[in-house]
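Heads up, the sequence shown stops at 281 in my numbering, and the numbers go up one at a time, no gaps. Note that CB positions come from ideal geometry on N, CA and C, so glycine has one too. Source: prediction; values computed, not measured.
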Amino acid sequence: MVKYKKIPLSIGILSWRRPSLLRANLSLIKDAKIDLYTDLFVIAQQANNSHEEICRYYNIPLKPFKDNLGIAGGIKRVFEQSKNENVLHLEEDIIISRNPQEVLNTIETAYTALTTKKADVCFLRDLENPGNNFDMTKYQKMWKVGETNLCPTLKGKIRPSKAKKTKGLGLYDPLLSQDKKDIIFKKSPLGYQLSSKNLNWTNQAFMTSKKFMFETILPYVYEKPTTRLVNGYPDIERSLNSRWWRKKNFKLLHTNGCFTHIG
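Written out as structure tokens, the structure is:
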């Protein structure tokens, strides 16, 4: 039997109204043995009996809440309930897309990047299989693949600031060869080194510290409210699609990824 070395990392899965997706998610997580080397738990907003039944079946701790505070509020709960300083946030429709060893390697890599201060945030969405509702439209309007580099389209040349903020999506471009990606996006042993100048925040499969979440991200979200709400509640992803995010030049790292979106 394989013995896993415990990683001081919490993984919180945010669930709301779709326990069937949570069941599929936890099934894959158990197969990958993630619960054997991390502090794994589920946060259920507007929790019901199905959440309790599913988590009991898979022997995963459930932290239920009767109310719903939206996406930002749910993420806040994930970080508040985490035992460790560094946290991987998932949602019930973000599931494993790689084999167990690749999942372990990816999680360890992202954790190392955070703890060695190589990144403020790490993203773990699968570059080859990002899943449903992954929109490359804005990127494709601004960039095209050249012989040796990414080249701005006519629209990208006219609107260079808009082009710059979408450039990081080139990591997901199937037309861009691996060699070019490694050069353009500064591939290191830990992953692709990016900046908040050229990649927007995503709620899907990100890892960061409690300190960064509570002292930097959430204060901005709640102190600088936006009208771009989801079901009437703040959403980190929409709030951080802003000049503030780009001007801060936060250190981002994108791994090859091991999670995909099925929602």
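| Asked | Found |
| --- | --- |
| Assigned secondary structure, leucine 122 (DSSP; H/G/I helix, E/B strand, else coil) | helix |
| Rounded straight-line distance, which links the Cα of lysine 48 to that of alanine 286 | Since the first residue of the chain shown is 19 and the last is 281, residue 286 is not available in this structure. |
| Proximity below 8 Å, CB of asparagine 274 to CB of leucine 145 | yes |
| Aspartate 53 to cysteine 276 span [Cα, whole Å] | 16 Å |
| Backbone CA spacing between glutamine 63 and aspartate 191 [nearest angstrom] | 35 Å |
| Buried or exposed by the 16-neighbour rule on C-beta atoms within 10 Å, applied to aspartate 138 | buried |
| Beta-carbon proximity of leucine 271 to glutamine 211, cut-off 8 Å | yes |
| Chain-order list of residues whose beta-carbon lies under 7 Å from that of isoleucine 78 (same chain, five-residue window excluded) | Leu44, Asp53, Leu58, Phe59 and Val60 |
| Residue nearest to lysine 215 in terms of C-alpha spacing, selected from Lys51, Phe268, Ile125 and Asp111 | Phe268 |
| The stretch 31-43 contacting the stretch 67-75, beta-carbon criterion three pairs below 8 Å | yes |
| Host beta strand (DSSP E) of arginine 143 (start-end) | 139-143 |
| Delimiting residues of the alpha helix (DSSP H) encompassing threonine 155 | 155-160 |
| Collapsed DSSP secondary structure at alanine 90 in the structure displayed | helix |
| Check whether leucine 132 and serine 28 have beta carbons under 8 Å apart | no |
| Bounding residues of the alpha helix (DSSP H) (the contiguous stretch that carries asparagine 43) | 37-50 |
| Stretch pair the stretch 147-157 + the stretch 229-249: three plus CB contacts closer than 8 Å | no |
| Whole-angstrom C-beta distance between lysine 266 and asparagine 218, which should lie under 8 Å | Contact doesn't hold; Cβ gap of about 12 Å is too wide. |
| Residues sharing a beta bridge with glycine 209, DSSP | Ser206 |
| Stretch-stretch touch, CB-based, cutoff 8 Å, three pairs: the stretch 251-264 with the stretch 203-210 | no |
| Range covered by the beta strand (DSSP E) that runs through valine 105 | 104-109 |
| Where aspartate 57 sits in the DSSP three-state scheme | strand |
| Residue from Phe97, Asp200, Val121 and Trp161 whose Cα sits closest to the Cα of glycine 174 | Trp161 |
| Beta-carbon proximity of glycine 88 to threonine 278, cut-off 8 Å | no |
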